[in-house]
Each structure stands twice: as structure tokens, then as C-alpha cells.
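Peer 1: Here it is, the structure in full.
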Amino acid sequence: MATRLLRSRSSSLVSYHTANDSLVEGSTTASSPAQIVPCPYRDARQLPRVLKDHCQIFLEEQLYTCAINLMNSTLGSGISRRTPCTKPSLIPPPSHLALLNTLVIHPTHTTRAENADLREVSALALIYLRSLLTVVGPVKAGFRTAFQFHASSRWSRRSAFTSVDSDSDMSDEESDHDHNHVRGRLANQASLWCRGQDLWTTVGWAFNTSTLYPQRWQYWKVWLDFMLDVLETDWGERERQDDAAYELMGGEGDVPVAARGEAMIVMYMEQNMDRHTALKRIMKALFADGSSLSSSSFPEVFEKEPRGPKKASKKRKREQVVDLDNDNFGDYFDDDSISSGISEPPTPQKPRDGTRNDTLGSSNPGLVESIKFRLRFFQLLSAASSALDGGIELDRLYEDFAHGIKCLRLDLFALYVTQRENPLLPMVHVTIIKELFHSLIPSHHKKPHKVDPEGDARAGLTVPMLEHCYVPLPANTVALEENAKLSLLVENAVQLLWLNDEIEYSESFAAACEEGIQAREAKGKKKRTGKAGADSGDAVAHDVLIRSGERIRITMEALKMTTI
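Below is the structure:
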């Protein structure tokens with residue numbers, strides 16, 4: 161079902177797929193033989209050797225502000241001129257960009273920063289990376305090369321200290337890579353790209369912090385937002401390149417996917433494991449919530465990451481005498497954390513699983529904030545799977561994601577399906593809704609292709625489908641929570657059709673809605689025994705079920721008034 165929906169090229173609102181939707185979502189044919197869209201970014205070339213060496217020295221000496229200011233000045237050259245500058249922008253090598261990305265999120269410059277200067281480094285690094293994304297774009301900036309995760313063993317002592325002038329049989333490319341290699345722990349074994357293992361392990365931990373460590377989440381959400389902007393822009397630019405290649409071929413046949421095949425999101429999907437195994441891990445990461453299982457699957461990225469800044473000791477430090485003539489340098493070469501009497505703070509405790517049920521969900525701001533990022537990741541996965549795989553892989557992606565949503569607690573389920581600002585394309589949203597319907601309603605329901613063959617052929621969601629296949633039914637179990645979820649889903653589907661002007665009031669549709677409300681309430685009242693007996697969440701589920709039914713009735717009344 162997902163395959164047919166995402167492959168459809170209908171411009172009808174019924175199928176929720178317009179020509180504009182192809183901005184992110186993949187397609188197999190061109191929407192129109194339009195003119196080639198020019199590249200919106202400036203050309204780029206590597207920094208001259210002298211400037212690059214200056215930046216590298218600054219980075220290795222931990223003079224990060226100096227390095228970033230120098231990079232900014234070279235990037236901004238000519239941007240403010242009234243006449244667009246044709247001179248390429250100067251960009252640093254990927255190793256420099258990788259370190260800047262680490263500085264954005266590393267505890268030393270965020271939650272563990274001991275002064276404002278250290279925190280400023282994180283902000284300046286992010287500002288520069290975003291400027292680079294805007295000016296030259298992700299492809300020309302070399303983000304794909306810079307933002308690659310790798311194993312610790314890759315950073316050997318030889319690669320860290322080999323000189324470009326050494327007598328070896330390295331190729332020119334290997335020699336350039338070695339010359340651009342930045343020395344230091346934050347650029348190597350302590351970097352995000354080494355500690356994180358892969359994108360999905362890092363994303364899973366980031367989502368864990370949304371419930372476990374709010375202080376870390378304040379920075380991880382900024383990093384996630386930036387990385388998603390990079391991935392989305394990278395996909396959009398490579399899609400533009402494929403469309404341009406299609407136009408150069410005369411606009412015949414299928415749109416090529418060579419450029420999109422090199423997209424960053426595809427690289428992350430295929431990294432270190434086969435596609436089927438990777439999909440399971442990706443789904444785990446997208447639904448990571450700080451539980452014991454999620455915490456064990458996605459542990460902290462950086463060492464002792466949850467700890468805050470070190471606390472200064474109240475003990476007065478004895479002054480050291482400096483006598484350079486006699487090689488007495490006082491405390492100049494002492495480690496700051498030892499010489500200043502600074503002590504390690506305790507690691508914040510995780511909330512106990514027994515208390516998390518009352519604090520998670522809609523009452524947890526971090527978890528609520530994280531949902532938009534989870535949906536944006538799924539949007540990218542959907543686009544890549546649609547353009548490059550399709551078929552079974554695409555169907556499995558939607559089935560697994562819908563199953564993950566269905567298994568969420570009621571308060572979280574509501575956040576995914578209720579109508580609000582949603583980063584998903586309407587066509588993607590509709591597919592998820594239909595997958596959820598099929599997992600919640602009884603298997604003997606009427607099939608959409610028999611009720612509305614034309615709408616089903618377009619892989620759409622129509623009023624006849626709702627009226628005869630979904631709306632009047634209870635859930636496939638007597639569980640109050642399942643019936644409440646189905647009611648929320650019906651409510652969401654009706655609102656989605658209304659927002660797109662694809663629904664008109666009819667007595668038969670209103671009757672079907674009322675039939676469904678009563679059927680779900682009646683089924684939720686059935687007596688349950690054994691393990692399926694009543695639990696503490698039933699009162700909440702019953703309240704959600706009743707209120708959702710009331711909102712559906714109000715929606716029908718409002719729809720009736722607007723239709724007359």
C-alpha cells in the first residue's frame with residue numbers, strides 16, 4: 161500500500177500528492193518538462209594552504225574562536241556585494257568541519273563548560289556550519305565526507321603523526337588526508353564521529369536525553385535540528401541534480417537517481433549493516449524514550465556525559481613561586497582540574513522506571529519536543545526508500561513505523577496522530593493513518609478497493625472509505641486504550657480531510673461516525689479477566705475515549721453548518 165501511494169503521480173488532493181510534494185519525496189517520473197532549476201549555492205574551493213594551516217594550528221592549539229573567526233571571514237568574502245559574487249567561497253577541509261560539529265555538542269563546551277568562553281565556542285561553531293550550509297550547500301561543503309561515523313581503530317598513532325613529507329608510498333589523496341588530519345582528542349578518539357559509532361546510535365541517545373537528562377537535551381535538540389537541516393537540504397539538492405540530468409536527457413524515461421544514491425541519509429541507512437538489520441535499529445532509535453531497554457541499546461555518547469560542570473573547592477590553594485631561572489614554573493603546567501581543587505560533580509540519577517509512567521508523555525516537555533525530530537527523520541527515510549528501493553522495503557518501513565506508533569502509550573500515540581503542526585507530507589501522513597487503521601480495526605472490515613476503487617487506485621483516503629471501512633468500527637480488542645486510540649485516529653482522519661476541503665457533510669457519514677462512537681464505548685465496557693483485566697490506565701483511556709467521541713460529534717455539527 162505504501163508503495164502505491166508514494167509512487168502515485170496524481171495531482172488530486174484526494175490522493176494528497178501534489179507536484180509541490182516532490183520537493184522532498186522521491187518520484188519515478190518528472191512532474192513536468194520544466195526548465196532546469198539553477199543551483200542556489202555559490203561555488204566552493206578549498207582554503208589556500210597558508211590559510212588552512214593557520215586554521216589547523218588554531219584548532220590543534222584549542223584556539224577555536226580564532227579558527228572559526230578566520231573561517232567566517234573567508235566564507236563571507238563577497239557575500240554582501242550588490243552584484244552576486246562569482247568568486248568561489250573558501251571552505252576548510254572535512255576534518256575541520258568534523259571537529260566543529262563535535263564542538264557543537266561536546267559536554268566540554270555545553271553542559272560541562274566552566275565559563276562563558278567555552279560555551280561560546282559551541283555557539284560559534286554552529287553559526288559557522290549553518291552559514292556554510294546556506295552559502296555553499298551541503299554537497300559543495302563536503303558534509304558527506306566530514307560527517308561520517310567510524311570505529312575507534314581508524315584513528316591510529318601513525319595516521320595522527322605521519323608527516324606529509326615523510327618517505328612513504330602513500331597516494332596524493334592519502335597524503336592530503338594525512339596533512340589535513342587535526343591532532344587532538346576532540347578531533348579523534350573523543351570526537352562525536354568516533355564515540356557515536358553511527359548516526360542511529362547517536363540519535364537514539366539524543367532521544368533518551370529528552371526524558372532522562374533535560375540539561376543535555378537542550379543541546380542535543382539543537383544538534384538534531386542542524387543535522388536534519390543538513391540531511392533535508394542534501395537530499396533536496398541531489399534531487400535537483402537528478403532532475404537537471406533528466407532534463408538534459410530530453411525528459412524521457414525515468415528520472416535518474418544517481419545523485420540521490422549518494423545522499424547522506426542513504427549513507428547513514430546503509431552504514432555498517434545490511435538494510436533489514438539497519439531498519440530494525442533505525443526504528444528502535446526513532447522510538448527511544450529513555451526506558452531501560454532504550455538506555456541499554458543507546459548508551460551515552462561521550463564519557464560521563466550527564467555530569468555538569470566541575471565544582472570549585474573552597475579550600476584555599478597555596479600560591480606557587482615562579483622562578484624561571486631555576487626552572488620553577490609554579491603551577492603553569494599543572495592540570496587545571498587538579499591545581500584549582502576542582503572536584504567532579506556526581507552524575508545525575510536517571511528517573512526510576514516505576515516513576516516514569518507519570519512523568520513521560522504530554523507532561524514531559526522534552527519528549528513532546530522530540531516528536532517533530534522523529535517525524536522529520538521518518539520523512540527522510542520515506543523519501544530515500546521511495547526513490548531508491550520501493551516495493552517491499554518501503555512497505556516494511558511504513559509497517560514498522562506504524563507498529564511503533566500503535567505500541568506507544570495513549571498519551572504519546574495522541575501526539576503522533578492528532579492534527580497540529582506536522583513535518584510530514586500529507587501523502588506520508590495519509591499512509592501512516594491507513595496503516596494504523598488496519599492494525600487497530602477487526603480484520604473482517606470492508607476493503608477500501610471494493611468501496612472506492614478509484615480512490616484506492618490513487619492510494620488516497622476518501623470519505624466513502626472512512627464511512628464504510630473505518631469510522632463505524634470498534635477496535636479489534638476490548639482494551640479501552642485500543643478503542644481510545646482508534647477514536648483519536650478517526651478524529652484525526654476526519655480533520656485531515658476537512659483541512660484539505662475533501663469532505664462534505666452527509667447524514668450517512670454522520671450516522672457512521674455516531675455508530676463508531678457507540679461501538680467503541682460499548683466494546684470498552686466489556687468485562688475483561690486475567691491478564692487483560694482492568695489496569696490503572698483505564699480511567700485515563702476511558703476519559704480520552706469519551707472526550708474524543710464528543711469532539712467527533714462537534715466536528716460533525718460544525719461540518720453540517722459549513723455545508724448548508
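Just so you know, the sequence shown maps onto residues 161 to 724 in the working numbering.
Where is the CB? At the ideal position from N, CA and C, for every residue including glycine.
For clarity, every value in this text was computed on a predicted model and none was experimentally measured.
Can you give the Cα-Cα distance for glutamate 460 and serine 282, rounded to whole angstroms?
Peer 2: Distance between the alpha carbons of glutamate 460 and serine 282 is about 19 Å.
Peer 1: Give a yes or no on whether the C-beta atoms belonging to tyrosine 373 and proline 466 are separated by under 7 Å.
Peer 2: In contact: tyrosine 373 and proline 466 (Cβ atoms closer than 7 Å).
Peer 1: Among Asp612, Arg272 and Phe447, which residue has its Cα nearest to the Cα of arginine 536?
Peer 2: Residue Phe447 is the option with its Cα nearest to arginine 536.
Peer 1: Would you kindly work out how many angstroms separate the C-alpha atoms of proline 298 and glutamate 674, rounded to a whole number?
Peer 2: Approximately 51 Å, taken between the alpha carbons.
Peer 1: State the CB to CB distance for the pair serine 457 and lysine 444, rounded to an integer number of angstroms; the pair is presumed to be in contact (CB under 8 Å).
Peer 2: Indeed they touch by this definition, with Cβ atoms about 6 Å apart.
Peer 1: I believe glutamine 431 touches aspartate 358 by the beta-carbon criterion, under 8 Å. Please report the beta-carbon distance rounded to the nearest angstrom.
Peer 2: So it is a contact: roughly 5 Å between Cβ atoms.
Peer 1: Could you tell me which residues DSSP puts in a beta bridge with glutamine 206?
Peer 2: Glutamine 206 is bridged to Ile251.
Peer 1: Would you report the Cα separation of leucine 657 and threonine 723, rounded to the nearest angstrom?
Peer 2: Spanning the two alpha carbons is a distance of roughly 14 Å.
Peer 1: Cutting at 6 Å between CB atoms, please list the residues of its own chain near glycine 186, excluding the five before and the five after it.
Peer 2: Low confidence applies here, because glycine 186 scores a pLDDT of 41, under 50, leaving its location unreliable; read the following figure in that light. Here the set comprises Ala543, Ser546 and Ala547.
Peer 1: Between the C-alpha atoms of serine 666 and lysine 594, what's the straight-line distance to the nearest angstrom?
Peer 2: Between serine 666 and lysine 594, the C-alpha separation is close to 22 Å.
Peer 1: By DSSP, does lysine 606 sit in helix, in strand, or in coil?
Peer 2: Of the three classes helix, strand and coil, the one that applies to lysine 606 here is coil, per DSSP.
Peer 1: Below 8 Å on the Cβ atoms is my guess for isoleucine 592 versus valine 623; work out the distance and round it to an integer in Å.
Peer 2: Actually they do not touch by this definition, with Cβ atoms about 19 Å apart.
Peer 1: To the nearest angstrom, how far is it from the Cα of proline 469 to the Cα of arginine 272?
Peer 2: Taking the straight line from one Cα to the other gives about 4 Å.
Peer 1: My output table needs one value for lysine 594: the three-state DSSP class, helix, strand or coil.
Peer 2: The answer is helix: DSSP assigns lysine 594 an H, G or I state.
Peer 1: To which residues does DSSP link lysine 444 through a beta bridge?
Peer 2: DSSP lists no partner for lysine 444.
Peer 1: Taking Cβ to Cβ, would you say leucine 352 is nearer than 7 Å to threonine 262?
Peer 2: Cβ distance < 7 Å, so leucine 352 and threonine 262 count as in contact.
Peer 1: Hey, leucine 286 and valine 382 are a contact pair by Cβ (cut 8 Å); roughly how many whole angstroms apart?
Peer 2: Confirmed, about 7 Å.
Peer 1: Which residues share a DSSP beta bridge with lysine 381?
Peer 2: In the DSSP output, where bridge partners are listed per residue, lysine 381 has none listed.
Peer 1: Around the C-beta of aspartate 616, are 16 or more other C-beta atoms found within 10 angstroms, so that it is buried, or is it exposed?
Peer 2: Under this definition aspartate 616 is a buried residue.
Peer 1: For the stretch 345-381, which segments carrying the alpha helix (DSSP H) assignment without a break, of at least 4 residues, lie completely within its bounds, in sequence order?
Peer 2: Whole alpha helix (DSSP H) segments, 4+ residues: 352-355 and 359-372.
Peer 1: Taking buried to mean at least 16 other C-beta atoms within 10 Å of its own C-beta, is glycine 709 buried or exposed?
Peer 2: Per the 10 Å Cβ criterion, buried.
Peer 1: Are histidine 598 and cysteine 629 close, meaning C-beta to C-beta below 7 Å?
Peer 2: No, the Cβ-Cβ distance between histidine 598 and cysteine 629 is not below 7 Å.
Peer 1: Where arginine 398 and arginine 680 are concerned, what is the direct C-alpha to C-alpha distance, given to the nearest angstrom?
Peer 2: Near 47 Å, if we compare the C-alpha coordinates of arginine 680 and arginine 398.
Peer 1: What residues in its chain sit with their C-beta under 8 Å from that of serine 668, if we drop five residues either side in the sequence?
Peer 2: Here the set comprises Glu627.
Peer 1: Specify the secondary structure class of lysine 471 as computed by DSSP and reduced to three states.
Peer 2: Residue state, collapsed to three classes: strand.
Peer 1: Would you call the CB atoms of proline 608 and methionine 625 closer than 7 Å?
Peer 2: Yes, they are a contact pair.
Peer 1: Whose CA, out of Pro254, Leu541, Phe386 and Ile552, lies closest to the CA of arginine 290?
Peer 2: Considering only alpha carbons, the answer is Phe386.
Peer 1: Out of Met427, Pro586 and Ser249, state which residue places its alpha-carbon closest to the alpha-carbon of alanine 619.
Peer 2: Taking only the C-alpha atoms, the option nearest alanine 619 is Pro586.
Peer 1: Assign glycine 236 to buried or exposed, taking buried as 16 or more other Cβ atoms, counted over all protein chains shown, within 10 Å of its Cβ.
Peer 2: Exposed is the call here.
Peer 1: Here's the rule: buried if 16 or more other CB atoms are within 10 angstroms of the residue's CB, otherwise exposed. What is threonine 393?
Peer 2: Threonine 393 is buried by the Cβ-count criterion.
Peer 1: For a quick check, are the C-beta atoms of proline 254 and threonine 305 less than 7 Å apart?
Peer 2: Yes.
Peer 1: Taking only the alpha-carbon atoms, compute the straight-line gap between alanine 635 and serine 454 and give it to the nearest angstrom.
Peer 2: Approximately 29 Å, taken between the alpha carbons.
Peer 1: Please state if the CB of leucine 575 and the CB of leucine 649 are separated by a distance shorter than 7 Å.
Peer 2: Not a contact, by the Cβ cut-off of 7 Å.
Peer 1: Rounded to whole angstroms, what is the Cα-Cα separation between proline 741 and tryptophan 377?
Peer 2: A query on residue 741 cannot be resolved here, the shown segment of the chain reaching from 161 to 724 and no further.
Peer 1: Between glutamine 539 and leucine 584, is the Cβ-Cβ spacing less than 7 Å?
Peer 2: Yes, the pair counts as a contact, with Cβ atoms nearer than the cut-off.
Peer 1: Would you mind giving the Cβ-Cβ distance between leucine 640 and leucine 705, rounded to the nearest angstrom? I have them listed as a contact below 8 Å.
Peer 2: Yes, they are in contact, since the Cβ atoms of leucine 640 and leucine 705 sit about 6 Å apart, within 8 Å.
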